[in-house]
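Going line by line, the protein sequences match chains A and B.
In terms of the numbering used here, the first sequence opens at residue 240 and continues consecutively.
In terms of the numbering used here, the second sequence opens at residue 15 and continues consecutively.
First the structure, in the form of structure tokens, and then the observations on it.
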Amino acid sequence: MRHTIRALGWIITILWIILLILPVTVAFSLMRIIEVEGIGIQEPRGTITNGNLSITIPFYIDNAGFYDLTDLEVNLHIYNGNKTLATSLAKLPNVQAGEVLDSSCNFSQSLKHILSENHELLTKDAELLGNASLRFRVASTIAFGVTTNFTMQWGAPFSNLATNMISYDPGNSILSVSVSFKNQAFFQVNGSIAIELYNSAGELAGSAVHNINVPSGQSFQSFINIAVDPAKMSNEGVFCLYFASSKILEREWKL
Amino acid sequence: MDDTGSKGNFQKLVFKIAKATLITAATGVVWLALWFLTSIFMTSYPQYSEHFAVMAWVMLFFTFAIIISEETIYKYIFMIIRAFFLIFYIAYATNYGLLYLSFENYTLNIEFIPLLTIMILANLIDVARRLLQAIEFASQSPKD
Numbered sequence: 240m241r242h243t244i245r246a247l248g249w250i251i252t253i254l255w256i257i258l259l260i261l262p263v264t265v266a267f268s269l270m271r272i273i274e275v276e277g278i279g280i281q282e283p284r285g286t287i288t289n290g291n292l293s294i295t296i297p298f299y300i301d302n303a304g305f306y307d308l309t310d311l312e313v314n315l316h317i318y319n320g321n322k323t324l325a326t327s328l329a330k331l332p333n334v335q336a337g338e339v340l341d342s343s344c345n346f347s348q349s350l351k352h353i354l355s356e357n358h359e360l361l362t363k364d365a366e367l368l369g370n371a372s373l374r375f376r377v378a379s380t381i382a383f384g385v386t387t388n389f390t391m392q393w394g395a396p397f398s399n400l401a402t403n404m405i406s407y408d409p410g411n412s413i414l415s416v417s418v419s420f421k422n423q424a425f426f427q428v429n430g431s432i433a434i435e436l437y438n439s440a441g442e443l444a445g446s447a448v449h450n451i452n453v454p455s456g457q458s459f460q461s462f463i464n465i466a467v468d469p470a471k472m473s474n475e476g477v478f479c480l481y482f483a484s485s486k487i488l489e490r491e492w493k494l
Numbered sequence: 015m016d017d018t019g020s021k022g023n024f025q026k027l028v029f030k031i032a033k034a035t036l037i038t039a040a041t042g043v044v045w046l047a048l049w050f051l052t053s054i055f056m057t058s059y060p061q062y063s064e065h066f067a068v069m070a071w072v073m074l075f076f077t078f079a080i081i082i083s084e085e086t087i088y089k090y091i092f093m094i095i096r097a098f099f100l101i102f103y104i105a106y107a108t109n110y111g112l113l114y115l116s117f118e119n120y121t122l123n124i125e126f127i128p129l130l131t132i133m134i135l136a137n138l139i140d141v142a143r144r145l146l147q148a149i150e151f152a153s154q155s156p157k158d
């Protein structure tokens, strides 16, 4: 019985040593990661192509600690007021001690879907709310989760959108419209703008498509010539402006 | 003879109480040092002071009770109760291995269920060990 009691005593001692050493070393490991600023977010990138808005937020994890980081998960939610704009859940590979992981959070959403509930984001700047969380496990025993709320400025891709009727050439049945806007978004606007011209009876009198490629922060100004059907032409009506099949503007026109 | 015997017992008891008081006080100093060391890092965990105080006072009580009851079966009973107390109280105080801390704009959650399991295992083994020690103690004849 004495030997059993002694053996149990040793087991208990070993378990308590593990129990005390593990959290302390895990804390030191995390402190080393924090010291070298081992977790960081880089400049977000975004594009609009084929009617899809894609946003990529690159980040890195430099595991300067002495334990592997496992079960890594990044969760990002972006809200416009109470409406969820986009969510992203990225499950990342394990980061061995001493390794650096470069990864990113990717959002890809149909522009049509975003605009169905957040139409104003195309033409008006806004303050978006975000919620980001990072989860990981250290030494396969202790899991950490950090959650933070943040705000981000949304720059409208079609800021200060303005359209003006310039002229109508009855001989060639061409109506010229000037379109101008500034791309305040952090991504390039790439796609086609479509204009549909309706007469006073609501019939489609003419339409035109114009390809645009406006880098972030740049202004756009162009004349779009619309070939109109002279039989349907009237002195006033409505015209609609579309981008990637989504209506961004509707206004009346008058000659 | 009886008078001498009871006087001896009284002296023994006084010595035991003095010894228990000294050791409990020394243990108290260790708990106090532990408090100063850990409270710096636990400012964002509001219940920490309360949980730590309960834990420290109960552990001090057991230290005192175990020393007072030395050479009796009660020592092992106290040790077993202490092990069970550690299991239940640490599990309760640590929210069963899930802690939520808030600081500035961040919410930090720490999940350490595997560590809690090791702690429970260590205490259950301790209970088994104390039971064996109690059986061994009880099996010895008074003259032993």
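A virtual CB, placed ideally from N, CA and C, is assigned to each residue, including glycine.
Note that this is a predicted model, so its numbers are computed, not measured.
Selection from the options that minimises the alpha carbon distance to residue i
i	options	result
residue 109 (chain B)	B:40, B:25, B:41, B:65	B:65
residue 398 (chain A)	A:409, A:421, A:457, A:404	A:421
residue 145 (chain B)	B:86, B:42, B:90	B:90
residue 407 (chain A)	A:382, A:390, A:468	A:468
residue 411 (chain A)	A:470, A:355, A:435	A:470
residue 477 (chain A)	A:454, A:431, A:404	A:404
residue 340 (chain A)	A:358, A:367, A:351, A:302	A:302
residue 372 (chain A)	A:464, A:319, A:313, A:327	A:313
residue 498 (chain A)	A:492, A:491, A:457, A:483	Summary: the structure shown does not reach residue 498 (chain A), with chain A confined to residues 240 through 494, and so no result is reported for it.
residue 436 (chain A)	A:472, A:459, A:460	A:472
residue 98 (chain B)	B:59, B:22, B:134, B:120	B:134
residue 323 (chain A)	A:492, A:351, A:464, A:357	A:357
residue 120 (chain B)	A:275, A:442, A:383, A:274	A:383
residue 434 (chain A)	A:463, A:327, A:387, A:409	A:463
residue 430 (chain A)	A:453, A:441, A:417	A:453
residue 461 (chain A)	A:441, A:417, A:241, A:309	A:417
residue 327 (chain A)	A:369, A:466, A:309	A:369
residue 441 (chain A)	A:466, A:491, A:455	A:491
Nearest-angstrom beta carbon gap, residue j and residue i [assumed within contact, 8 angstroms]
i	j	result
residue 325 (chain A)	residue 317 (chain A)	5 angstroms
residue 129 (chain B)	residue 258 (chain A)	6 angstroms
residue 432 (chain A)	residue 451 (chain A)	6 angstroms
residue 143 (chain B)	residue 247 (chain A)	4 angstroms
residue 61 (chain B)	residue 244 (chain A)	With a Cβ gap of about 37 angstroms, residue 61 (chain B) and residue 244 (chain A) do not count as contacting.
residue 58 (chain B)	residue 117 (chain B)	4 angstroms
Cβ-Cβ distance between residue i and residue j below 8 angstroms
i	j	result
residue 49 (chain B)	residue 73 (chain B)	no
residue 81 (chain B)	residue 132 (chain B)	no
residue 278 (chain A)	residue 343 (chain A)	no
residue 333 (chain A)	residue 307 (chain A)	yes
residue 311 (chain A)	residue 375 (chain A)	yes
residue 475 (chain A)	residue 488 (chain A)	no
residue 304 (chain A)	residue 272 (chain A)	yes
residue 381 (chain A)	residue 124 (chain B)	yes
residue 267 (chain A)	residue 281 (chain A)	no
residue 401 (chain A)	residue 415 (chain A)	no
residue 35 (chain B)	residue 77 (chain B)	no
residue 92 (chain B)	residue 83 (chain B)	yes
residue 261 (chain A)	residue 336 (chain A)	no
residue 319 (chain A)	residue 361 (chain A)	no
residue 94 (chain B)	residue 151 (chain B)	no
residue 390 (chain A)	residue 366 (chain A)	yes
residue 485 (chain A)	residue 351 (chain A)	yes
residue 69 (chain B)	residue 107 (chain B)	yes
residue 115 (chain B)	residue 122 (chain B)	yes
beta-carbon residue i near the ligand MN non-hydrogen atom, thresh 7 angstroms
i	result
residue 344 (chain A)	Among the ligands in the structure shown, none appear at all, so the ligand MN cannot be discussed.
Of all the alpha helix (DSSP H) runs that stay within the bounds of the stretch 269-320 of chain A, which reach a length of 4 or more residues? Runs found: none.
4 or more residues per run - each alpha helix (DSSP H) lying fully within the stretch 58-85 of chain B: The stretch 58-85 of chain B contains these whole alpha helix (DSSP H) runs: 62-82.
Counting beta carbon pairs with one atom in the stretch 386-395 of chain A and one in the stretch 432-449 of chain A, are three or more of them shorter than 8 angstroms? Not touching, per the Cβ criterion.
When you compare the stretch 138-153 of chain B with the stretch 248-258 of chain A, are there three or more beta-carbon pairs, one atom per stretch, that lie closer than 8 angstroms? Contact annotation: the stretch 138-153 of chain B touches the stretch 248-258 of chain A, with at least three C-beta pairs closer than 8 angstroms.
List in chain order: all unbroken beta strand (DSSP E) runs of 3+ residues lying wholly within the stretch 357-390 of chain A. As far as the stretch 357-390 of chain A is concerned, its whole beta strand (DSSP E) runs of at least 3 residues are 365-377.
Check whether the stretch 285-295 of chain A touches the stretch 344-353 of chain A, counting contact only when three or more Cβ pairs, one atom from each stretch, lie closer than 8 angstroms. Touching, per the Cβ criterion.
Would you check if there are 3 or more beta carbon pairs closer than 8 angstroms linking the stretch 273-287 of chain A to the stretch 426-439 of chain A? Taking 8 angstroms as the limit for Cβ pairs, the verdict is that the stretch 426-439 of chain A does touch the stretch 273-287 of chain A.
Can you list, in chain order, the stretches of the beta strand (DSSP E) that have 3 or more residues and sit fully within the stretch 459-484 of chain A? Scanning the stretch 459-484 of chain A from its first residue to its last, the whole beta strand (DSSP E) runs of 3-plus residues come out as 475-482.
For the stretch 414-454 of chain A, which segments carrying the beta strand (DSSP E) assignment without a break, of at least 3 residues, lie completely within its bounds, in sequence order? List check, beta strand (DSSP E) in window: 427-438, 443-453.
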